[in-house]
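In UniProt numbering, the protein residues as written are 1 to 270.
Below you can see the structure in the form of structure tokens.
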């Protein structure tokens with residue numbers, strides 16, 4: 001049910017068809033990702049930030065999802081660090097999270113990416129519109145983690161993010177410019193979603209149900225979005241500082257979050 005919700009493709013970006021095909025072979029992808037999170041949350045590295053060309057300013061999709069996961073991990077008794085770009089770091093500082101600039105992979109039990117550029121077949125990094133992303137990449141960490149057998153989760157919504165290598169064939173089939181932008185970087189589990197923040201929220205919601213505790217309590221979508229927009233992050237579709245994510249208004253995101261919260265409360269209440 002939650003997997004269906006987070007893949008409601010209101011922005012009509014093509015990910016719904018990817019999801020419908022993906023779930024045929026992996027119908028429990030969200031449950032599997034939740035299991036990884038619950039079993040390996042001792043020390044988690046969360047990596048986020050997608051610089052939008054030509055401005056090369058990071059977007060509002062990704063950082064809030066990373067924050068929600070950070071809070072959930074702390075609530076579970078684990079520890080998390082966030083690796084990201086400078087402007088995202090400044091945007092998230094008011095929330096009191098821990099950052100790292102030079103993570104030592106062997107110290108981590110799990111890596112999670114949220115809306116993070118993943119290299120394409122030509123080793124370039126692309127936006128949904130096919131423009132090159134020039135900022136320093138972080139996706140090599142996930143390739144190294146898999147070599148070290150450290151579990152990894154990728155969360156994305158367009159096909160050009162870390163983790164989408166698992167469904168590269170479907171990205172090429174269903175997403176505009178998929179042949180060019182599709183990431184080849186795989187993760188152990190992939191959470192597909194129509195908005196990457198929604199994918200992270202959905203993972204927190206599923207983990208709440210599986211663990212029997214509300215890990216999404218107290219989340220204020222509007223307040224949190226206002227904070228990161230004031231810090232200079234932009235809507236990746238509209239390419240400006242506005243109270244929206246991926247072209248969808250904060251009102252819509254608030255309603256989506258409230259629905260997830262209601263599901264959690266309804267399912268875990270005695």
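Here a beta-carbon is modelled for each residue, glycine too, at the ideal position from N, C-alpha and C.
Of all C-beta pairs linking the stretch 108-118 to the stretch 87-97, fewer than three are shorter than 8 Å, placing the two stretches out of contact. Judged by their CB atoms, residue 130 and residue 172 are not nearer to each other than the 7 Å cut-off. The DSSP assignment places complete alpha helix (DSSP H) segments of no fewer than 4 residues inside the stretch 121-208 at 140-147, 168-174, 178-181, in order along the chain.
Across the structure, residue 248 and residue 211 are spaced so that their CA atoms are roughly 31 Å apart. Every unbroken stretch of the alpha helix (DSSP H) spanning 4 or more residues and falling wholly within the stretch 78-116 is given here in chain order: 86-92. Cβ-Cβ distances below 7 Å link residue 241 to 229, 232, 234 in the same chain, with the five nearest sequence neighbours on each side left out; the list follows chain order.
Looking at the DSSP output, residue 46 shares a beta bridge with 82, 112.
Apart from sequence neighbours up to five positions away, the residues of its chain that approach residue 138 with a beta-carbon distance below 7 Å are 47, 83, 116, ordered along the chain. With a 10 Å radius around the Cβ and a threshold of 16 neighbouring Cβ atoms, residue 258 comes out exposed. Per the C-alpha coordinates, the member of 60, 157, 105, 42 positioned closest to residue 221 is 60.
Taking 8 Å as the upper bound for CB-CB distance, residue 183 and residue 118 are in contact here, some 3 Å apart.
Residue pairing from DSSP places residue 249 in a beta bridge opposite 244.
Nearest C-alpha to residue 107 among 141, 123, 121, 11: 141. The continuous alpha helix (DSSP H) containing residue 71 extends over residues 63-75. About 5 Å separates the Cβ atoms of residue 68 and residue 200, confirming a contact at the 8 Å cut-off. Your pair residue 57 and residue 51 checks out as a contact, with CB atoms roughly 7 Å apart and the cut at 8 Å.
Of the residues assessed, residue 123 falls on the exposed side of the cut-off, its CB having fewer than 16 other CB atoms within 10 angstroms. Pairing residue 207 with residue 8 gives a Cβ-Cβ distance that is not under 7 Å.
A Cβ-Cβ distance of about 5 Å is found for the pair residue 155 and residue 191, placing them in contact under the 8 Å criterion. Residue environment analysis places residue 262 among the exposed positions, since fewer than 16 neighbouring C-beta atoms fall within 10 angstroms of its C-beta.
Remark: C-beta atoms of residue 32 and residue 189 approach each other more closely than 7 Å.
Residue 252 and residue 15 have their C-alpha atoms spaced approximately 18 Å apart.
In this model, residue 3 and residue 269 are separated by some 21 Å (Cα to Cα).
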